[in-house]
Amino acid sequence: MNYRSPPPSAPKTCPYCESHVEFVLEKERPLKMSEREHRFFVAGQAADNREAYYSCPHCERGVVVTRRAERTFVFPHPPNLYAPKHTPDKIAERYASGAMNLRSSRWVSAPADFRAVLEMTFPGPEGRKRPSADKRIERAKAEGRLPSPLDEMAKVVFITGNNSLHNHPIEREHVETAKNYTKEILRFVYTLPCMKSQSKESPPPSP
Ligand SMILES: [Zn+2]
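Residue numbers (this note's numbering): 53 to 259.
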């Protein structure tokens, strides 16, 4: 009996429509390799190299999953929807919404989401009329919560969000910049302090 390894498994989220779906296996076969590639694999490993074609039952588009030397590759790769570590849940959820809207080319919703993420991160004093985004960024900067150049990045995120809401033309690269800047700011505000406090708890060994 010939040993036949199972096809590489399907992703859990569709990279096109973002649905969490059970992908349909359309076809699978041994991975075709060039002679040069063959030289890198011992026979046992090569037998396990397979390629599978799946389709999304929701949007009917296809993904290719390849297993090569025990590693699995998905094409196209699903978007990274996760906010940096230690971002509070509510804010991380809004960030994921922005990332999903960006993926789906929703040029109004995505920048508005990233703007909202920063509004939630720097809410300003409560109970009074909230100061403008500019004032809140200045204040965070003065208090050392948002050093340069992150303050400039925050301004860009706010401006992109405003432009989208006022129907100014927005290009994909503007929205991608807003996403990347938002991510850097979240990393600084939420991830970095936790890394610092963890390293205080367990100091590195002295030389
Ligand atoms: Zn889909």
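All residues carry an ideal CB built from backbone N, CA and C; glycine is no exception.
*asked:* What residue range does the alpha helix (DSSP H) around F210 cover?
replied: For this step, residue 210 is matched to residue 158 along the sequence shown. Where F210 is concerned, the enclosing alpha helix (DSSP H) stretches over L202 to L217.
*asked:* I'd like to know if the region 145-158 and the region 182-190 are in contact, where contact means that at least 3 CB-CB pairs between them fall below 8 Å.
replied: Verdict: no, contact absent.
*Verify the contact flag: S156, CB atom, against every heavy atom of ligand 1, threshold strictly below 7 Å.*
Taking the sequence shown and counting its residues from 1, the one referred to as residue 156 is at position 104. Incorrect: S156 has no Cβ contact closer than 7 Å to ligand 1.
*Straight-line CA distance for P59 to S149?*
Counted from its first residue, the sequence shown places residue 59 at position 7. Counted from its first residue, the sequence shown places residue 149 at position 97. C-alpha separation (whole angstroms): 32 Å.
*With DSSP collapsed to three states, give me the class of Y134.*
Against the sequence shown, residue 134 aligns to sequence position 82. The three-state reading of DSSP puts Y134 in coil, since its state is none of H, G, I, E or B.
*asked:* Measuring only from the beta carbon, is H220 closer than 7 Å to any heavy atom that is part of ligand 1?
replied: On the sequence shown, residue 220 is found 168 positions in, with the first residue counted as 1. No, ligand 1 has no heavy atom inside 7 Å of this Cβ.
*Just checking my contact of N101 with R120 at CB under 8 Å: how many whole Å lie between their CB atoms?*
Residue mapping note: residue 101 aligns to position 49 of the sequence shown, counting from 1. Residue mapping note: residue 120 aligns to position 68 of the sequence shown, counting from 1. With 8 Å as the limit, N101 and R120 qualify as a contact, their Cβ atoms being about 5 Å apart.
*Report the rounded CA-to-CA distance for I222 versus S71, giving the unit in angstroms.*
On the sequence shown, residue 222 is found 170 positions in, with the first residue counted as 1. On the sequence shown, residue 71 is found 19 positions in, with the first residue counted as 1. If I take the Cα positions, the gap works out to 26 Å.
*Compare the C-beta of T229 against all C-beta atoms of chain D and say whether one is closer than 8 Å.*
This model lacks chain D altogether; it includes just one protein chain.
*If you drop the 5 nearest sequence neighbours on each side, which residues of the same chain put their C-beta closer than 7 Å to that of M152?*
The residue given as residue 152 occupies position 100 in the sequence shown. Once the five neighbours on either side are set aside, the close Cβ partners of M152 are E70 and L133.
*Where does the unbroken beta strand (DSSP E) through T118 begin, and where does it stop?*
In the sequence shown, residue 118 corresponds to position 66, counting from 1. Element bounds for T118: G114 to R120.
*Any idea if P109 is buried or exposed, counting beta-carbon neighbours within 10 angstroms, 16 or more meaning buried?*
Looking up residue 109 in the sequence shown gives position 57. Exposed, because fewer than 16 other Cβ atoms sit within 10 Å of the Cβ of P109.
*Going by beta carbon distance, what residues of the same chain come within less than 6 Å of R128, once the five residues before and after it are set aside?*
Reading the sequence shown from its first residue, position 76 is the one you call residue 128. In the sequence as presented, Arg is not what sits at residue 128; that position holds Pro. Excluding positions up to five away in sequence, the list reads P67.
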